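Sequence lines, in order, name chains A and B. Just so you know, we're using the working numbering here: the first sequence kicks off at 1 and counts up by one. Just so you know, we're using the working numbering here: the second sequence kicks off at 1001 and counts up by one. Data first, discussion second: the structure below is written as structure tokens.
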Amino acid sequence: METLVEPERVKALRGSLEYIQYQHSLEAKYLPAIRALISKDLSEPYSIYVYRYFLCQWAHLCFLVCAQLTSVSHHSTDTTFQALDPVDHSLIGVIICKLEIHAVHSTPTRRGYIAMLAVASPYRGHGVATALVKRAIQAMADRKADEIVLETEETNTPAMRLYERLGFLRSKKLHRYYLNGNSAYRLVLLLRSVDPDNCPDPNDGEIL
Amino acid sequence: MTFNPGIDVPDELSRLSLGQDTPPRIRDAPELNSTGTIPVDITEKFKKASSALQPGEIVKDEFFTLFESVGALEIMDPKMDSGCVKAGDEFEELYDVSKPLLPEEVLGIIDQLLCHEMSWHLGYPLSQTVFTSVYVEALMMPNPTHIDEAMFVRRGNTQANAEPMLQVLRAYCLGMLKACAYVNERVKSEHYYEEEDFVTNTYNRTLLGSLSTADIRAELNSALNLVQKQQEHMGGDMVEALSSRLKLRDIFLSAAECPQFVAQPDLARQPWEAALMLLPTIKATHNLSKAVDESFSVKLQRKLASTVPPRPIVKLSFENAFGHLDRLFKDGCELINVLSYTNSQCLQTFLRHFQAKKPQPLVYVRTLLQTFLFDAMEMLGGMSIRMIMDDDLAIISLPASPYLDRANDDIEVLHDPRFIIAQQMEAFRKRAAEPFLDIFRTFCQNRCRVRRTLCHNIERWDQLQADAEQLDLELQVRAQEVKLAGQKFSPNTIPVEGDAWSLSMWTYLYKLRQMEWIVQLGFELEVYQPDELAGMYWYLSYLSKTRIEYVPRLRKTLTERVKELRESPAQNRRDPAMERQMLRTLEWIRLSLLDAVITWGLSEALAGLYTACSRLDLLTPPPRPYSNDELRYELRMKPFAKIETPGLPTFEQFAAHASQQDVSTEELLVEASKAMTDAKRACESMSKMTPEESFSVGSHDRWLVSIKNTLKSCIATGLAIATVQKAMREDTTGGQLKLTVEVPTPDKTYHECWIVPRIASKST
């Protein structure tokens, strides 16, 4: 069941939203909440290694957004329950990315990838996801990414609208890409012109 | 919002799951007492080393990739660990397969199995569909080596097997599993994408690999007899319901074996037609059935050789499943038409239109089509690839040509120019065969893959064109030598004179068509955003215009040769085969020109209309703070960037053409309207063509529907243009026009390649 937050409350919240750059020391506090938030809409959960794969190597490309607990009415006020519950309820959104040299079938590029993006349902529709994506794009652009890519379900119109408003294009459609049988679009944002004569070394395995 | 991430693992890998047909490898623990191996207890060292790490820190080598991390499972998490048993639950499924069943229950299970079988055809794995049936598991495990071993009960209460209703269910299951085996083998033997189109994984089950089809047919037959004897006991409707399903199983096996009749289309078609006769009875009797949900269990996944987490049973309604089954047999029936070969162009027309059907034929039908096309290096059961290629070359650029004359093959003198010509033509065929056949194979793939594969194919055609130009030059020299030496080609050919670029023209036309298809599939697959449409339709018009300008060169060469034919000795002129070939090429050129005119005219019109809409602020592009027009052009045109001819326009040229700054909006719309009229006229001419003239023998109906839908798109474009023109004329304020523009999705248009905007006056 979704708990709805009235617009005034969200408006009031906006000022108190806190964007946090992820770092490993935050794992104990936030990872259970991150997993809970992302698994909610997945038919099959990712193992903890998938999260750590990204978060440990590209913490600098991952961002959290938290709200002050006091202004949210729907969370349990039972302190005993909260002490036992490992999930931090202040987390309302997260973006997880990576940046590597990509050299399959084409000119090598520094390719950023948005792996996961989630915003808790009561807070959707207020630009929180866009703000997270913008932070991630900026962080990847600062690290000289040539392009940023991601996949999104063909039926996920809000996601496509969000990315397309920022400048992403659909480059191809991927037939039955998801386990549920839905197809996907690959979305690409080209940040810099790709020069085949001046591209990164594909064998350079460094974390960017 | 939570986006379901697919995670960027290379396609091949992300679609991999373990447990293909090879039995799982069991690796023994190393022999501890072997010489040279001294076991050392490292527990303490390991503990000490790991205490230096923070919890959650990752220690990995460079070979631990995202793929490995996605494949990792957390043991004891019920969502990931299929062996995890909830408190109070049993590990094994305890359903009793020996218990007696009512006829309506058997019917219910059969129809549930049918839903699962169709889900599998749609692309879901056996583990979530057919293999969730307790009865199927009982028949398959352990793998029966003889038909008498394939029983629900193999030990203990074996007399339960004699229960008539269980015999009926068993026969149905045997027939179904054998059909699944045929389907699986068919798909695996052709080009398809694992886990994208279809999952062939059988998790170490053989799908009754050791049992013969004849034995299974005999079981189906005796079950059918058994059912008919129960007339009084269960009533006529139930007898009909069960009989029709058992018959369907038998027919399905015949349909799966139809490639043996590849040279006798009428025999190959029989089972498909027979199934279509039966299907209405199956549909009508479904309401007699009673589902037995407890005979399907997700727990059976635990017994399968697989490392994937437990996944839910796929639910497909009977109505839905029946629709797919019906479509499977209708498409199969239509598919048989491909076996009646007329010429290579008709074959391609068939292929393009058959595969453009919505929904696209199921992967089984698509792979069956590939078998018909390419089985055993023979096309359509008896034609060599050379026959098809030469036929195609003869239609497009080499009618009655000495280059294709098989008599050249018989010349054995090494320096005879005719011998050299035969060799050069063979060299061309060798180079062109793969790209040429890839066109056929590509169209057998799913629509997304068709577009992606064409993007790769055009680069090979671009290279082929360079080779073809070289060979054309050499052929010209040799043809001249033949003439100078006073030698003769066969009398039923007409020599090609002068600078005939026959091979390179053929190659170029194919390359252009494929480039156009890439753009058109972009519209069909909704790859372009509304504000990209003006530019993409402009680029399509640019490509088709190149084709329009090129085709007359073919005609010129041909006209010269026709002239020669008329001037040649009278006995030659009367050769009807030669005349026919010339005539056929003229027809093809006419068709190709009209087709190019339609594509050019309608894309030009839509480009103009969309440009006008954007100028009038009826379509506003998204803000795109992180992008600019030039970078997006680079990204969008990436598939065409490496193509030498026609070269990709620079961004400046593209921007100038697509925006047409120097043309007023009024003029732009007038021009768009003219282009639309040209396209419309071409459609009207084409729709009057016979199957032969339009190279659509075997698929004329489908071809004609496509032309008529294009004609409707022309008319709708004309109306949209007129609506904008009227609003502009009537506007006195000079402000925003009172119009609404809706860009429909392709399924809401007359033709998926033509995204005609819906423009209407704003109701006040």
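A virtual CB, placed ideally from N, CA and C, is assigned to each residue, including glycine. The structure presented is a predicted model; accordingly, all values stated were derived computationally and were not measured.
Is the separation between the beta-carbon of residue 1683 of chain B and that of residue 1721 of chain B shorter than 7 Å?
no
Where the beta strand (DSSP E) containing residue 184 of chain A begins and where it ends:
Looking at the DSSP string, the run of the beta strand (DSSP E) that includes residue 184 of chain A is 184 to 190.
Does residue 127 of chain A come within less than 7 Å of chain B when only Cβ atoms are used?
no
Keeping to the same chain, check which residues put their C-beta closer than 7 Å to that of residue 1581 of chain B; ignore five residues upstream and five downstream.
1394, 1399, 1400
Alpha helix (DSSP H) segments (min. 4 residues) lying fully within the region 1598 to 1653 of chain B:
Entirely contained in the region 1598 to 1653 of chain B, the alpha helix (DSSP H) runs reaching 4 residues are, in chain order, 1629 to 1636.
Given 8 Å as the limit, is there contact between the region 1146 to 1153 of chain B and the region 1349 to 1360 of chain B, that is, 3 or more CB pairs closer than that?
no
Closer than 8 Å between beta carbons: that is the criterion. Which residues of the region 1713 to 1738 of chain B meet it against chain A?
none
Which one of A:197, A:188, A:154 has the shortest CA to CA distance from residue 177 of chain A?
A:154
Grab the span of the beta strand (DSSP E) containing residue 113 of chain A for me, first residue to last.
109 to 119
Own chain residues within Cβ distance below 6 Å of residue 1456 of chain B, not counting five before or after
none
Give the range of the alpha helix (DSSP H) segment to which residue 24 of chain A is assigned.
No alpha helix (DSSP H) holds residue 24 of chain A; DSSP gives it neither H nor E.
Pull the bridge partners of residue 101 of chain A from the DSSP assignment, please.
Within the DSSP secondary-structure output, residue 101 of chain A pairs in a beta bridge with A:110.
Reduced DSSP secondary structure (H/G/I, E/B, other) of residue 1052 of chain B
Coil, per DSSP.
With a threshold of 8 Å, are at least 3 pairs of Cβ atoms found where one atom belongs to the region 1419 to 1437 of chain B and the other to the region 137 to 157 of chain A?
no
Whole-angstrom distance between residue 1547 of chain B and residue 1509 of chain B, CA atom to CA atom:
7 Å
Considering Cα atoms alone, identify which of B:1420, B:1303, B:1440 is closest to residue 1369 of chain B.
Answer by Cα proximity: B:1440.
Does the region 134 to 148 of chain A come close enough to the region 94 to 114 of chain A to have 3 or more Cβ pairs within less than 8 Å?
yes
DSSP beta-bridge partners for residue 1379 of chain B?
B:1383
Residue 1525 of chain B versus residue 1046 of chain B - alpha carbon distance
Computed Cα separation, rounded: 54 Å.
From residue 1244 of chain B to residue 1324 of chain B, what does the alpha carbon distance come to, in whole angstroms?
18 Å
Does the Cβ-Cβ distance between residue 1306 of chain B and residue 1193 of chain B come in under 7 Å?
If you check the CB distance, residue 1306 of chain B and residue 1193 of chain B do not come in under 7 Å.
Rounded to a whole number of angstroms, what is the C-alpha to C-alpha distance between residue 76 of chain A and residue 1322 of chain B?
Caution applies to residue 76 of chain A, whose pLDDT of 45 falls short of 50 and renders its modelled position unreliable; the value that the coordinates give is listed next. One C-alpha to the other measures close to 48 Å.
Compute the Euclidean distance between the alpha carbons of residue 1484 of chain B and residue 1478 of chain B, then round it to the nearest angstrom.
10 Å
Chain B partners of residue 56 of chain A, CB-CB under 8 Å?
1056, 1057, 1058
Quick check on residue 1296 of chain B: does DSSP put it in helix, strand or coil?
Here residue 1296 of chain B sits in strand by DSSP.
Please report how far the alpha carbon of residue 1289 of chain B lies from the alpha carbon of residue 1130 of chain B, in whole angstroms.
18 Å
What would DSSP say about residue 1332 of chain B, mapped onto helix, strand or coil?
helix
Measuring alpha carbon to alpha carbon, tell me which of B:1536, B:1551, B:1100, B:1473 ends up nearest residue 1397 of chain B.
B:1551
Pull up the CB-CB distance for residue 167 of chain A and residue 1626 of chain B, whole angstroms please, since I reckon it's below 8 Å.
A Cβ-Cβ distance of about 4 Å is found for the pair residue 167 of chain A and residue 1626 of chain B, placing them in contact under the 8 Å criterion.
Nearest-angstrom Cβ-Cβ length linking residue 23 of chain A and residue 63 of chain A, presumed shorter than 8 Å:
Actually they do not touch by this definition, with Cβ atoms about 11 Å apart.
Using a Cβ-Cβ distance cut-off of 7 Å, determine whether residue 1448 of chain B contacts chain A.
yes
Please confirm whether residue 92 of chain A has its beta-carbon closer than 7 Å to some beta-carbon of chain B.
no
State the CB to CB distance for the pair residue 1453 of chain B and residue 1534 of chain B, rounded to an integer number of angstroms; the pair is presumed to be in contact (CB under 8 Å).
That pair is no contact at about 27 Å.
Are any of the Cβ atoms in chain B nearer than 7 Å to that of residue 290 of chain A?
Given a span of 1 to 208 for chain A in the structure shown, any question on residue 290 of chain A remains unanswerable.
List, in order along the chain, the chain A residues whose C-beta lies closer than 9 Å to that of residue 1490 of chain B?
Per Cβ cutoff of 9 Å: no residues; residue 1490 of chain B is ~46 Å from chain A at best.
If you reduce the DSSP assignment to three classes, tell me which class residue 1082 of chain B lands in.
coil
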